[in-house]
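Notes to accompany the following structure.
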Amino acid sequence: MLEGLLSKQRILEIYLKHVEWGEAVFGAEAAAHHYFRIGAANLGATQAAELAVMLPAPKRFEKRPGSAYVVGRAGTIVARMGAVELP
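Okay, so the sequence shown: first residue is 24 according to our numbering, each after it adds one.
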């Protein structure tokens, strides 16, 4: 239903402002401050990828944000970023 009313970009914007990245950590801006002590606009590629890796199970990864799994998956995402064409 949302896709009929909003653009995909707008849906993503809304999602990123409200998604939970840990206990009482809502939105990309709050997650950037919580995990990296910087604003979301200042995240590097690796930091942004680490946050993306956490999304399927943020409360599980919150306990170990620098785990080998998170770091490894983030590395894969960063390596593939160059192949992505932005709309």
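Cβ atoms here follow ideal geometry from the backbone N, Cα and C, with glycine treated the same way. Here the structure is a predicted model, which means the values were calculated and not measured.
Close Cβ partners of residue i (< 6 Å) along its chain, the five nearest in sequence each way excluded
| i | result |
| --- | --- |
| A72 | A97, I100 and V101 |
| P88 | Y58 |
Whole-angstrom C-beta distance between residue j and residue i, which should lie under 8 Å
| i | j | result |
| --- | --- | --- |
| H56 | G45 | That pair is no contact at about 12 Å. |
| M93 | F84 | The residue asked about is misnamed: residue 93 is Val in this sequence, not Met. Between F84 and V93 the Cβ distance is about 6 Å, and since that is below 8 Å, they are a contact. |
Residues of its chain near residue i, where Cβ-Cβ distance is below 8 Å and the 5 sequence neighbours each way are ignored
| i | result |
| --- | --- |
| L74 | W44, A51, A54, A55, Y58 and L66 |
| M104 | A68 and A72 |
| L29 | I37 |
| G62 | E52, A55 and H56 |
Assigned secondary structure, residue i (DSSP; H/G/I helix, E/B strand, else coil)
| i | result |
| --- | --- |
| G27 | helix |
| E85 | helix |
| G95 | helix |
| A80 | coil |
Neighbourhood of residue i by C-beta distance below 7 Å, restricted to the same chain and skipping five residues each side
| i | result |
| --- | --- |
| H41 | F49 and G50 |
- request: Determine, using beta-carbon pairs with one atom in the region 103-110 and one in the region 78-87, whether at least three such pairs fall under 8 Å.
  value: no
- prompt: Could you give the uninterrupted runs of the beta strand (DSSP E) lying entirely in the region 35-75, keeping only those of 3 residues or more?
  reply: 43-45
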